[in-house]
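Undergrad: Below is one structure. I have some questions about it.
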Amino acid sequence: PSRQEFSLPLGWESCGFPRVPWHSGRPDFTVSLLLLQPCYLRDWEMQVHFKIHGQGKKNLNGDGFAIWYTKDRMQPGPVFGSKDNFLGLGVFVDTYPNEEKQQERVFPYISAMVNNGSLTYDHDRDGRPTELGGCTAMVRNLNHDTFLVIRYVKRRLTVMIDIDGKHEWRDCIDVPGVHLPRGYYFGTSSVTGDLSDNHDIISLKLYQLTVERTPEEEKRDREVFLLFLPRCPAVEAPLEPMSGLALFLIVFFSLVALVFAIVIGVIVYNKWQEQSRKHFY
């Protein structure tokens, strides 16, 4: 798909540091950034240029950072510095394994979660019960640039990484059937916990993607937009359904008008017939 870049830094509000780039290099420290205006792009791509570094040994560093696309503006909380039970998307770069006897998963680990507001992120299990997918990403203390891209196109969520210094994207997460309404806020947050690490967000770039759709796909996307954003100013409010009394009155007066028209027609026809007979004789 073709794409158009949107400039972000001037529209961001930060808590902890004044602007992009920022880092969270002290223990028990939280920092966050929020895009001030909601995003109404239907298909989009967010590219994150980041760097994670510190003095801690393997798996003795913490905790990670998150990229958000949520209905509400970010609020401080326990999920990588932002609130739990969020509504929307969270992509987590987790650098510390909390689950004991960690065998199947190697950290740092990138995962994604979509929440309808009722789910809780399980820290003790590193978010496993609610994750859509994920991959191991050895991103700490590298001497080259590291990138993460989140792409949402036609209800498909894709996360790719470029962390090997080869300027090549590698698949990490690919999940179809993800419903993310327009009008949500982008944000990013980071937390260090008891251990410290530097999480540098060097740049954030948002792209609008242009993708061809069939008429059926256009209709489906509009239905989802109306379902999730009923108060969105970009969509006209649907007409309120008529009450039973209003419907009865409309039908009643329509029938009265129809009967009246028939009676008038009969009278006019009879007069015409009478005039015709007089003229004939």
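For the sequence shown, full-length UniProt numbering assigns the number 1 to the initial residue and increments by one for each residue that follows.
Quick reminder that beta carbons are idealized off the backbone N, C-alpha and C, glycines included.
Just so you know, these numbers come straight off a predicted model, no measurement behind them.
Determine the burial state of ALA234: buried for a count of at least 16 other Cβ atoms within 10 Å of its Cβ, exposed for fewer.
TA: Here the model assigns ALA234 a pLDDT of 36, short of 50, so the residue's position is not dependable, and the following value carries that caveat. Exposed is the call here.
Undergrad: Do LEU180 and TYR40 have their C-beta atoms within less than 8 Å of each other?
TA: Not in contact: LEU180 and TYR40 (Cβ atoms no closer than 8 Å).
Undergrad: Of all the options SER190, VAL93, VAL175, which has the alpha carbon lying nearest to the alpha carbon of SER82?
TA: Minimum Cα distance to SER82 is reached at SER190.
Undergrad: Considering only DSSP beta bridges, list what TRP44 is partnered with.
TA: Note: TRP44 sits in a beta bridge opposite TYR152, GLN208.
Undergrad: DSSP beta-bridge partners for ASP174?
TA: Bridge partners of ASP174: THR158.
Undergrad: Where PHE65 and ALA246 are concerned, what is the direct C-alpha to C-alpha distance, given to the nearest angstrom?
TA: Taking the straight line from one Cα to the other gives about 56 Å.
Undergrad: Closest to GLY117 by CA distance: which of ASP84, ASP124, ARG3 is it?
TA: Closest option to GLY117, Cα to Cα, is ASP84.
Undergrad: Which residue wins for smallest C-alpha separation from ASP197, given the options LEU36, TYR96, LEU87?
TA: Minimum Cα distance to ASP197 is reached at TYR96.
Undergrad: Would you kindly check if the distance between the Cβ of ASP63 and the Cβ of GLU99 is under 8 Å?
TA: Not closer than 8 Å, so no.
Undergrad: How would you label VAL91, buried or exposed, when you count the other beta carbons within 10 angstroms and need 16 or more for buried?
TA: Buried, by the Cβ-count rule.
Undergrad: Please work out which residues of its chain come closer than 6 Å, Cβ to Cβ, to ASP174, disregarding the five sequence neighbours upstream and downstream, and give them in chain order.
TA: Closer than 6 Å at Cβ, skipping near neighbours: THR158.
Undergrad: Report yes if the C-beta distance between MET113 and LEU132 is below 8 Å; otherwise report no.
TA: Yes, Cβ-Cβ distance for MET113 and LEU132 is below 8 Å.
Undergrad: Would VAL93 be called buried (16 or more neighbouring beta carbons within 10 Å of its own) or exposed?
TA: By the 10 Å Cβ count, VAL93 comes out buried.
Undergrad: List the whole-angstrom C-beta distance separating ARG170 from ASP162, where the pair is believed to meet the contact cut-off of C-beta under 8 Å.
TA: Confirmed, Cβ separation roughly 7 Å.
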